[in-house]
Amino acid sequence: MDADVIIIGAGAAGMMCGAAAGRRGKSVIILDHAERAGEKIRISGGGRCNFTNLHCGPDNFISENPHFAKSALKRYTQYDFLDLVEKYGIKWHEKTKGQLFCDGRSQEIIDMLLTECTKAGNELRLGTEVLGVEKLGDGFVVTTPTQTLATSAVVVACGGPSIPKMGATGFGYKLAEQFGLNLIKTEPALVPLTFTDQMKTPIAALSGVSVDTVITNERASFDEALLFTHRGLSGPAILQISSYWNAGEAITVNMAPGRDALAELRKAKAETPKLSPEKWLAQYLPARLASHLALTFNYARLADMPDRELMNLALQVSAWHIRPAGTEGYRKAEVTRGGVDTDELSSKTLEAWKVPGLYFIGEVVDVTGHLGGHNFQWAWASGVACGQAL
Ligand SMILES: Cc1cc2nc3c(=O)[nH]c(=O)nc-3n(C[C@H](O)[C@H](O)[C@H](O)COP(=O)(O)OP(=O)(O)OC[C@H]3O[C@@H](n4cnc5c(N)ncnc54)[C@H](O)[C@@H]3O)c2cc1C
1147 MDADVIIIGA
1157 GAAGMMCGAA
1167 AGRRGKSVII
1177 LDHAERAGEK
1187 IRISGGGRCN
1197 FTNLHCGPDN
1207 FISENPHFAK
1217 SALKRYTQYD
1227 FLDLVEKYGI
1237 KWHEKTKGQL
1247 FCDGRSQEII
1257 DMLLTECTKA
1267 GNELRLGTEV
1277 LGVEKLGDGF
1287 VVTTPTQTLA
1297 TSAVVVACGG
1307 PSIPKMGATG
1317 FGYKLAEQFG
1327 LNLIKTEPAL
1337 VPLTFTDQMK
1347 TPIAALSGVS
1357 VDTVITNERA
1367 SFDEALLFTH
1377 RGLSGPAILQ
1387 ISSYWNAGEA
1397 ITVNMAPGRD
1407 ALAELRKAKA
1417 ETPKLSPEKW
1427 LAQYLPARLA
1437 SHLALTFNYA
1447 RLADMPDREL
1457 MNLALQVSAW
1467 HIRPAGTEGY
1477 RKAEVTRGGV
1487 DTDELSSKTL
1497 EAWKVPGLYF
1507 IGEVVDVTGH
1517 LGGHNFQWAW
1527 ASGVACGQAL
C-alpha cells in the first residue's frame, strides 16, 4: 500500500479530512491537479473567505434528503471551526446574518489547513491529476499521469464543476457513476440570473443599482439585496433564490419589504397630491430605479392617477414578477446543486454503502448550502466526519 487513504482534491473538504485522518494515525496522500491547494478558498468571500456562519443548521441546506447533513453538522459545528481559527490567531469579524469573514486574506485559512495537514503527517501532491480509480481486492488503485498508487480507502473530495477556470471538474460524478452510485441532477447554484435580449435592453440602464428586497418563488423566500447587472440580476437575494430556481420559472421581487406600498401610495395621493410618481418612488428606492419604474406611468402627479394605476404602481414595486431567461452557468456559479445521491452514502461516515472504502465529501455530494458560509461549514463538517471514520 502506498497510503492508508488517498484523498482526491486538496480543497476545503479534502484538507479537513486529511488532517482528521492523519491525527488518528492514518497515512494520507492528498492529490490535486491544481498547482496550489484551496484555490476556491482563496477567491471566496471576495478574498476574505466567509468561512462559516453562526446560525448554520440543517435548514440552510438543499438536498433530496434534508436530514442527511444533520449528523456531520452536529458533530463538527461552526463553533468547532471558529475554535480552530482562533487557535491560529486568525482575526475575524461577523459581517451580517451570522456570516464570519477573515479580517485579513483567505490565504490565512488555507495556511491554517495546510499546517493542520502537515502536523497530521499528510503528504500533499499538487499538480497531480487523478485520471482514474479502480477497485482491486479489498483496496483501490488510483491512477495519475505518472503513477499508480495502491490504497485501502479513497476519499472523493473533488467538488463540483462550478468555476472550471479554478480547476473545478465533474470528475467526482464520473467516479460515482463508474461505481454504480446514483446522481441527483446537477445545476449551477448561487449564480446570477440572466434576462432575454428583449428584457435586457430597457433594464441595462440600471446596471450597478442595488436595492433591498424580498425575493420569493414557490419553494423559498430571501430577504437580501438585489443587484442589477448588464446581463440580468445578481446580489445575495438572487444568488440565494437561484439555488431554488428551475428554468422557465418566475420569481417575485418585493422592493418594498415590510411595507404596504398601496396603502402608502393612497396616503401620499391624499396628503401630497402634487407629488410625481417618480418622486414618490425615489423616497424609498435608488433614484435610477425610481426613474425607470416611473417611465411606464405617464402621470405628472399622484393626484392624476386613478386607483387602478396606483395599484399597478404598487404591484410594480412590491410584486415585480419576472421570468429570467437562464443563469450565468457554472462559469459564475459559486456551487453546484445536486451531486452524489445521499441515499448512496452513510450520513455518519460518508462511505458509499455499495463500495466499502470509497467516500464522498464536500460539494460533490447532494448537499448545497445557502449563501453565507454554509457551504464551507458543510465541507469542514463532512471532511471531519469522514476523517474520523477512516
Ligand atoms: C467565487 C466563489 C466564492 C465562494 N465563496 C464562498 C464563501 O465565502 N463561503 C462559503 O461557504 N462558500 C463559498 N464558496 C463555495 C465553496 O468554495 C465550496 O462550497 C467549497 O470550496 C467546496 O469544497 P470542496 O472541498 O468540496 O471542493 P473544492 O474546494 O472545489 O475542492 C476540490 C478540489 O479538487 C480538485 N480536483 C478536481 N478534479 C480533480 C482531479 N481529477 N484530480 C485531482 N484534483 C482534482 C480541484 O482542483 C480542487 O482543488 C465559493 C465558491 C466560489 C466559486
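For the sequence shown, our numbering begins at 1147 and goes up steadily by one.
Note that beta-carbon positions come from the ideal geometry of N, C-alpha and C, so glycine has one too.
Q) Out of curiosity, what's the CA-to-CA distance linking T1242 and A1440? A) Rounded to the nearest whole angstrom, the CA to CA distance from T1242 to A1440 is 32 Å.
**Q.** Inter-residue Cα distance where the pair is K1170 and F1368
**A.** Reading the sequence as shown, one finds Arg at residue 1170 and not Lys. When rounded, the distance between both Cα atoms is 41 Å.
Q. Just the Cα atoms here: how many angstroms apart are N1328 and V1486?
A. Taking the Cα positions, N1328 is about 6 Å away from V1486.
Q. Quick one, are the C-beta atoms of S1356 and L1336 less than 8 Å apart?
A. Not a contact, by the Cβ cut-off of 8 Å.
(Q) Measuring straight from C-alpha to C-alpha, what distance separates A1402 and L1385? (A) 19 Å
Q) Hey, is S1380 close to ligand 1, as in C-beta under 7 Å from one of its heavy atoms? A) no
Q: Throw me the rounded Cβ distance for the L1504 and V1300 pair, which I believe falls under 8 Å.
A: That belief holds up - the Cβ atoms of L1504 and V1300 are roughly 5 Å apart, short of 8 Å.
Q | Beta-carbon contacts of K1484 that lie in its chain and below 8 Å, excluding the five residues immediately before and after | A | The residue asked about is misnamed: residue 1484 is Gly in this sequence, not Lys. L1329, I1330, K1331, T1332, E1333, D1512 and T1514.
Q: With N1444 as the anchor, note down where its alpha helix (DSSP H) starts and where it stops.
A: Segment: none, N1444 is in no alpha helix (DSSP H) and carries neither H nor E.
Q) If you draw a straight line from the C-alpha of G1164 to the C-alpha of I1176, how long is it? A) 7 Å
Q | Rounded distance between the beta-carbons of L1272 and R1182, thought under 8 Å | A | Contact between R1182 and L1272 holds, since their C-beta atoms are separated by about 7 Å, short of 8 Å.
**Q.** Whether A1149 touches L1295 by CB criterion (8 Å)
**A.** yes
Q: Look at I1236 and G1184 and say whether their C-beta atoms are less than 8 Å apart.
A: No, the pair does not count as a contact, with Cβ atoms beyond the cut-off.
Q: Tell me, to the nearest whole angstrom, how far the beta carbon of T1297 is from that of E1275; I am working on the premise that it is less than 8 Å.
A: Incorrect: roughly 17 Å between the Cβ atoms, too far for contact.
Q) Which residues bound the beta strand (DSSP E) around N1280? A) Here residue 1280 turns out to be Glu, not Asn, going by the sequence shown. Its beta strand (DSSP E) spans residues G1278 to L1282.
Q: Please confirm whether any heavy atom of ligand 1 lies closer than 7 Å to the CB of A1531.
A: no
(Q) List, from N- to C-terminal side, the beta strand (DSSP E) runs of 3 residues or more that fit wholly inside the segment 1199-1259. (A) Listed in chain order, the complete beta strand (DSSP E) runs (minimum 3 residues) inside the segment 1199-1259 are 1238-1240 and 1245-1248.
Q) Count the other CB atoms within 10 Å of the CB of H1438; is the residue buried (16 or more) or exposed (fewer)? A) Buried: at least 16 other Cβ atoms inside 10 Å.
(Q) Checking the sheet assignment: what are the DSSP bridge partners for W1466? (A) V1399
Q. Just reading off the beta strand (DSSP E) that S1298 is part of, what are its end residues?
A. T1294 to V1302
Q) Is it buried or exposed for H1516, if we count other Cβ within 10 angstroms and need 16 for buried? A) buried
Q. What did DSSP end up calling N1196 once you bin it into helix, strand or coil?
A. strand
(Q) Residues in the same chain with beta-carbon distance under 6 Å from V1168, minus the five sequence neighbours each way, listed in chain order, please. (A) The sequence shown places Gly at residue 1168, rather than the Val named in the question. Once the five neighbours on either side are set aside, the close Cβ partners of G1168 are V1174, A1266, G1267 and N1268.
Q.
Taking the alpha carbon of E1490 as the reference point, which residue from E1395, I1507 and D1249 has its own alpha carbon closest?
A. Per the Cα distances, I1507.
Q | Limits of the unbroken alpha helix (DSSP H) element including I1187 | A | E1185 to I1189
Q. Do you know offhand how far R1194's Cα is from L1379's?
A. 24 Å
Q) Which whole-angstrom value is the C-beta distance of I1187 and V1302, which I expect to be below 8 Å? A) No, I1187 and V1302 are not in contact; Cβ-Cβ is about 18 Å, not under 8 Å.
Q: For V1337, name the three-state secondary structure that DSSP assigns.
A: coil
Q) DSSP on S1388, reduced to helix/strand/coil? A) S1388 sits in a helix when the DSSP states are folded into three classes.
Q: To the nearest angstrom, report how far apart R1434 and H1376 are at their CA atoms.
A: 14 Å
**Q.** Which residues DSSP lists as bridging I1154, in chain order
**A.** L1177 and V1302
Q) How far does the beta strand (DSSP E) with L1379 in it reach, from first residue to last? A) G1378 to S1380
Q) Between the Cα of F1317 and the Cα atoms of F1286, A1414, V1279 and I1349, which residue gives the shortest distance? A) V1279
Q | DSSP state of I1349 mapped onto helix, strand, coil | A | Three-state DSSP puts I1349 in a helix.
**Q.** R1405, DSSP secondary structure in three states
**A.** Looking at R1405 - three-state DSSP - the assignment turns out to be coil, as it is neither helix nor strand.
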